[in-house]
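Student: One structure is given below, represented as structure tokens, and several questions about it will come after.
2 protein chains.
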Amino acid sequence: MTERRLDGRVERGNQTRRLVLQRTVQVGSTEGLEALSLGRLATELKLSKSGVFALFGSKEELQLATIRAASKIYVDNVVRPALAHPPGLRRIWELSESWIRYSSERVFPGGCFFQKVSAEYSSRVGPVPDAIRSADSGWRGFIRQTIVEAQDAGDLTSDRTAEQLTFELTAFWESSNTQSVLMDSEAPYVQARTAVRALLRAASTMEADFLREPVLSRSAGSR
Amino acid sequence: MTERRLDGRVERGNQTRRLVLQRTVQVGSTEGLEALSLGRLATELKLSKSGVFALFGSKEELQLATIRAASKIYVDNVVRPALAHPPGLRRIWELSESWIRYSSERVFPGGCFFQKVSAEYSSRVGPVPDAIRSADSGWRGFIRQTIVEAQDAGDLTSDRTAEQLTFELTAFWESSNTQSVLMDSEAPYVQARTAVRALLRAASTMEADFLREPVLSRSAGSR
């Protein structure tokens, strides 16, 4: 085989891989990773089953590759936009905004991919749940680091530890995703933003414009 | 058939029903409701498949009966203990304590049954997701009502609406369950209690002993 023909085959393989993973991150977010099967994907994408098998080898390899592909999409949509802002309170707020946008715009059709598959595998052991736990730990580590940097910048009081703030922020984000997908409603995102603003106002040493509650978001006298 | 023999058959049917549902709420909390099949249950419980089929009729009926059985367990473990306290701030706190106990003691082996099956069916339509949505709405309505009663008793400021407080409390409870099951850790429950205490202190008009942070729960200087 000439080098050019080999290159062509590798390139076609990579294209097929991308095509398959584009589909599996979607299925994963709506039906979970157990719903993935090489045969089903081959049929849906009109590929040969042996071709898909040659690229991924096994259902488990396909599940792991799907988690890696979803992580990349997550980083591009949630982490990278926040890193465009300098460390400090503002970056925490922008991280919150990008998370809520990521969930509400349904970057994955079933809402947050990682929440879906965490619930699916939470009680299980093996390479797939290990990869999910590892992604979760990495993500929480990033939030904690973002908070520690804001503490170091003098933007936060010492009332709450970085660990505690991480817990509270992710609780609001994740609940807005769960409720929005389950009830097909935008209201949970409004509640999440209100909760994050109140939390960051209580935890910060400064008054920040972006943490002020929009005047029209609450009707007077409602409870 | 004499009445006595009929009574005996009905009673045996009820016993088998209870036996099956005891098992299905457990499987539901760890593997989800799609994992239930009449054949598998018959094998696991050493019953005849036709007997299980006669009692439930279809997988969907079994799933719906499982949700009803789980609701009863949920009410007994979470709602009833809170109702033992008079309406007001204290009842909200006790509701929080009973929720955290319900999750941490693994009343269902996979953690909160409803969180598991909500994630499983969140993107779907049909009688099973409808029953899950209905249970979720009923539960949130109960929390909201509990908060409105505390507002009426003068225990809460008007800073947060009952809707908003419901969102924030359930976010802390649910995140502690998710993180505890996924990471096999008790730490998320400590974080949830800290978060709920801070939230209720900020929202309440009174100083309450039960909302004071235990002195030993934070190490000095940690962040």
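Those sequence lines, one after another, are chains A and B. The first sequence begins at 38 in my numbering and counts up by one. The second sequence begins at 38 in my numbering and counts up by one. Glycine included, every Cβ here is placed at the ideal spot set by N, Cα and C.
Between the alpha carbons of Gln201(A) and Val144(A), how many angstroms are there, rounded?
Tutor: Whole-angstrom Cα-Cα distance: 28 Å.
Student: Could you give the residue range of the alpha helix (DSSP H) that holds Ala224(A)?
Tutor: Segment Ala224 to Ala240, the alpha helix (DSSP H) holding Ala224(A).
Student: Between Thr67(B) and chain A, is there a C-beta pair that is closer than 7 Å?
Tutor: Yes, Thr67(B) counts as interfacial toward chain A.
Student: Using DSSP bridges, identify the partner residues of Leu193(B).
Tutor: The partner list for Leu193(B) (beta bridge, DSSP) reads Ser241(B).
Student: Please name the residue, chosen from Leu101(A), Pro118(A), Gly45(A) and Asn114(A), that lies closest to Ile169(A) on a Cα-to-Cα basis.
Tutor: Of the candidates Leu101(A), Pro118(A), Gly45(A) and Asn114(A), the one whose C-alpha sits nearest the C-alpha of Ile169(A) is Leu101(A).
Student: Could you check the C-alpha separation between Arg138(B) and Thr67(A) for me, to the nearest Å?
Tutor: So the alpha carbons of these two residues sit roughly 30 Å apart.
Student: Using the beta-carbon count (16 or more within 10 Å), is Lys153(A) buried or exposed?
Tutor: Flag for Lys153(A) reads buried.
Student: Output, in chain order, the set of chain B residues within a Cβ distance shorter than 9 Å of Asp173(A).
Tutor: Near Asp173(A) (Cβ distances below 9 Å), the residues of chain B are Gln216, Leu219 and Met220.
Student: Taking DSSP as the reference, what is the three-state secondary structure of Gly178(B)?
Tutor: DSSP places Gly178(B) in helix when its eight states are reduced to three.
Student: So, with DSSP's three-state summary, where would you put Ser259(B)?
Tutor: In this predicted model, Ser259(B) has a pLDDT of only 47, less than 50, meaning its place in the structure is not dependable; the value taken from the coordinates is given anyway. Ser259(B): coil per DSSP, three-state reduction.
Student: Alpha carbon to alpha carbon, how far is Leu75(B) from Gly147(B)?
Tutor: One C-alpha to the other measures close to 21 Å.
Student: So the alpha helix (DSSP H) Glu142(B) belongs to, where does it begin and stop?
Tutor: Where Glu142(B) is concerned, there is no enclosing alpha helix (DSSP H), given that its DSSP letter is neither H nor E.
Student: Where Asp221(A) and Ser174(B) are concerned, what is the direct C-alpha to C-alpha distance, given to the nearest angstrom?
Tutor: Their Cα atoms are separated by approximately 13 Å.
Student: So for Ser87(B), helix, strand or coil by DSSP?
Tutor: Helix.
Student: Under the rule that 16 or more other beta-carbon atoms within 10 Å means buried, what is Asp192(A), buried or exposed?
Tutor: It is buried - the Cβ of Asp192(A) has at least 16 other Cβ atoms within 10 Å.
Student: Which whole-angstrom value is the C-beta distance of Arg128(B) and Ala208(B), which I expect to be below 8 Å?
Tutor: Not really, about 19 Å apart at Cβ, beyond 8 Å.
Student: Mind pulling the beta strand (DSSP E) runs of 3 or more residues that sit fully within the stretch 69-119 of chain A?
Tutor: Qualifying beta strand (DSSP E) stretches: none in this window.
Student: Mind listing the chain B neighbours of Ala239(A)? Cutoff is C-beta to C-beta under 9 Å, in chain order.
Tutor: Within chain B, the residues near Ala239(A) are Ala235 and Ala239.
Student: Can you confirm whether Ser140(B), when its beta carbon is compared against all beta carbons of chain A, has any partner nearer than 7 Å?
Tutor: Output row for Ser140(B): interface = no.
Student: Would Phe151(B) pass as an interface residue toward chain A - the criterion being a Cβ-Cβ separation below 7 Å?
Tutor: Cβ-Cβ to chain A under 7 Å: no for Phe151(B).
Student: Please say whether Ala199(B) and Ile184(B) have beta carbons closer to each other than 7 Å?
Tutor: Taking 7 Å as the Cβ cut-off, Ile184(B) and Ala199(B) qualify as a contacting pair.
Student: What residues of chain A sit near Glu250(B), judged by a beta carbon separation below 9 Å?
Tutor: Near Glu250(B) there are no residues of chain A at all, since even the closest Cβ is about 10 Å away, more than 9 Å.
Student: I'd like the span of the alpha helix (DSSP H) that includes Leu202(B), first residue to last.
Tutor: Per DSSP, Leu202(B) belongs to the alpha helix (DSSP H) from Ala199 to Met220.
Student: Take every Cβ of the stretch 240-252 of chain B, pair it with every Cβ of the stretch 237-247 of chain A, and state whether three or more of those distances are shorter than 8 Å.
Tutor: Counting Cβ pairs under 8 Å, fewer than three are found: no touch.
Student: Name the chain B residues that come within less than 9 Å of Glu211(A), Cβ to Cβ?
Tutor: Within 9 Å Cβ-Cβ: Ala208, Glu211, Ser212 and Thr215.
Student: Taking 6 Å as the cut-off, does the CB of Gly76(B) come closer than this to any heavy atom belonging to the ligand FMN?
Tutor: The model depicted lacks the ligand FMN and carries no ligand whatsoever.
Student: Classify Arg230(A) as buried or exposed, calling it buried when 16 or more other Cβ atoms lie within 10 Å of its own Cβ.
Tutor: By the neighbour-count rule (16 or more Cβ atoms within 10 Å), Arg230(A) is buried.
Student: List the endpoints of the continuous alpha helix (DSSP H) containing Phe247(B).
Tutor: Run containing Phe247(B): none; DSSP gives neither H nor E here.
Student: Under 7 Å between the Cβ atoms of Ala79(A) and Val89(A)?
Tutor: A contact, by the Cβ cut-off of 7 Å.
Student: Alpha carbon to alpha carbon, how far is Pro124(B) from Glu134(B)?
Tutor: Those two C-alpha atoms are separated by around 15 Å.
Student: Between Gly50(A) and the rest of its own chain, which residues show a CB-CB distance below 7 Å, the 5 nearest in sequence each way excluded?
Tutor: For Gly50(A), where only same-chain residues beyond five positions count, the Cβ hits under 7 Å are Leu92.
Student: My output table needs one value for Val162(A): the three-state DSSP class, helix, strand or coil.
Tutor: It is coil, neither helix nor strand.
Student: If you run the structure through DSSP and keep just helix, strand and coil, what is Gly45(A)?
Tutor: Three-state DSSP puts Gly45(A) in a helix.
Student: Quick one: what does DSSP say Cys149(A) is sitting in, helix, strand or coil?
Tutor: Residue state, collapsed to three classes: coil.
Student: With H, G and I counted as helix, E and B as strand and the rest as coil, what does DSSP make of Ala121(A)?
Tutor: Of the three classes helix, strand and coil, the one that applies to Ala121(A) here is coil, per DSSP.
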